[in-house]
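Here the sequence shown is numbered in my numbering, starting from 1265 and rising by one per residue. Structure first, then comments.
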Amino acid sequence: MTSANPTPTEDLTDLDDRGYWPPLVYRETEEQHWSVTRIDHRVSIAAWSEFLSTLPRDPYVNSRWKRMSWVHLLENGDVECMGECPMAQGGMFNDAESMADKLRYYPSLEPAFTAREDFKSFVRGWADLWGIGAHEPILVQLNGVKGTGQLDPLQGQGIHADGCKFLSVLVIKRENVTGATNQLYADKAGENSLADIQLDPGDILHIQDDKLFHSANAMTQTDPALPFERFILIINSRFVDGFQNRMLRRHFPDAVLNDVF
1265 MTSANPTPTE DLTDLDDRGY WPPLVYRETE EQHWSVTRID HRVSIAAWSE FLSTLPRDPY
1325 VNSRWKRMSW VHLLENGDVE CMGECPMAQG GMFNDAESMA DKLRYYPSLE PAFTAREDFK
1385 SFVRGWADLW GIGAHEPILV QLNGVKGTGQ LDPLQGQGIH ADGCKFLSVL VIKRENVTGA
1445 TNQLYADKAG ENSLADIQLD PGDILHIQDD KLFHSANAMT QTDPALPFER FILIINSRFV
1505 DGFQNRMLRR HFPDAVLNDV F
């Protein structure tokens, strides 16, 4: 595995998917159900950041910008966008009034982004980590917040799970931010804290979402004279939320879904 960090002009297409993650990531996700590693030798964070400027405002959540797409692997290993299906989180997984038990539709990720070889390799490597097979829907979201003052990056979700088995959060941009620390818990009440993790651009946090709960604390400006920005990519799959699975079955009748109703 290449260990040097790439410059923005470095060609990443020759990095194959074998051994995409360090061996420690596989051990930690198996033993403790989470792991943190860097990925900027695998993807061009600088190039991915260029797609943040065209994110539309989230129509459901204030102060957030977002796109999302459903993708899956084909039998030959290629990564394909599946088409439109709403995001659907049941109230048992999402406590936020603006999001719980609602169908949410967002513009798709830009084709120029999903066609990138480092994006496809990333999806293949992520699927390999969790054992995701062909035709299992994988949700990929680009979203983030920017502004001034103090802001809850989770917009009211608090300590929660996302209603899936496997989830990862990759930070793409973090500028003038104090806070927004990722927190892991063994329980939804937050009585058993497992870790506080500050992710910088290029850091990715893997979580076995049906085993742990997670949150992020409030963020504010480091320099009060300048606005803050924090943008992330979220990727997750194998949903245990029956609400989401019903929408997936309706929109993708041939998809391979987790057996939850």
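Using N, Cα and C, we set each Cβ at its ideal position, and we do this for glycine too. As the structure is a computational prediction, the values presented were derived from the model and not from experiment.
Cβ-based burial, residue i [other Cβ within 10 Å; buried from 16]
| i | result |
| --- | --- |
| Leu-1319 | buried |
| Ser-1414 | The identity of residue 1414 in the sequence shown is Gln, whereas the question assumes Ser. Classification for Gln-1414: exposed. |
| Phe-1507 | buried |
| Ala-1480 | buried |
| Asn-1340 | exposed |
| Tyr-1369 | exposed |
| Gly-1427 | buried |
| Arg-1328 | buried |
| Arg-1502 | buried |
| Arg-1331 | buried |
Three-way DSSP call (helix, strand, coil) for residue i in this model
| i | result |
| --- | --- |
| Val-1300 | strand |
| Gly-1395 | coil |
| Ser-1267 | Reliability of the predicted coordinates at Ser-1267 is poor, the pLDDT of 27 falling under 50, and the value obtained from them is presented with this limitation in mind. Of the three classes helix, strand and coil, the one that applies to Ser-1267 here is coil, per DSSP. |
| Asn-1407 | strand |
| Arg-1291 | helix |
| Gly-1389 | helix |
| Ala-1310 | helix |
Residues near residue i by beta carbon distance below 6 angstroms, same chain, minus five either side
| i | result |
| --- | --- |
| Val-1520 | His-1399, Glu-1400 |
| Arg-1513 | none |
| Thr-1293 | Ser-1299, His-1470 |
| Thr-1445 | Asp-1460, Gln-1462, Asn-1481 |
Closest by C-alpha distance to residue i, when choosing among the options
| i | options | result |
| --- | --- | --- |
| Ser-1333 | Asp-1467, Gln-1405, Glu-1439 | Gln-1405 |
| Leu-1434 | Met-1483, Trp-1394, Phe-1495 | Phe-1495 |
| Asn-1407 | Lys-1366, Asp-1322, Leu-1337, Trp-1390 | Asp-1322 |
| His-1478 | Leu-1431, Gly-1466, Ser-1317, Cys-1349 | Leu-1431 |
| Pro-1375 | Glu-1344, Ile-1499, Gly-1389 | Glu-1344 |
| Thr-1301 | Pro-1517, Ile-1498, Asp-1464 | Asp-1464 |
| Ser-1457 | Val-1325, Gly-1341, Gln-1296, Ile-1499 | Gln-1296 |
| Ser-1313 | Arg-1438, Gly-1347, Phe-1386 | Arg-1438 |
| Thr-1486 | Ile-1303, Lys-1410, Ser-1372, Asp-1304 | Lys-1410 |
Bounding residues of the alpha helix (DSSP H) (the contiguous stretch that carries residue i)
| i | result |
| --- | --- |
| His-1515 | 1506-1515 |
| Thr-1378 | 1375-1378 |
Beta strand (DSSP E) segment containing residue i, residue limits
| i | result |
| --- | --- |
| Phe-1315 | Neither: Phe-1315 is in no beta strand (DSSP E) and is coded neither H nor E. |
| Thr-1484 | 1483-1485 |
| Trp-1329 | 1328-1337 |
| Ala-1489 | Careful: Ala-1489 lies outside any beta strand (DSSP E) and carries neither H nor E. |
| Ala-1519 | Careful: Ala-1519 lies outside any beta strand (DSSP E) and carries neither H nor E. |
Close-in-space but distant-in-sequence residues of the same chain around residue i (CB under 7 angstroms, 5 per side omitted)
| i | result |
| --- | --- |
| Phe-1315 | Glu-1374, Phe-1377, Leu-1406 |
| Trp-1285 | Thr-1301, Gly-1389, Leu-1393 |
| Pro-1350 | Leu-1367, Arg-1368, Tyr-1369, Met-1511 |
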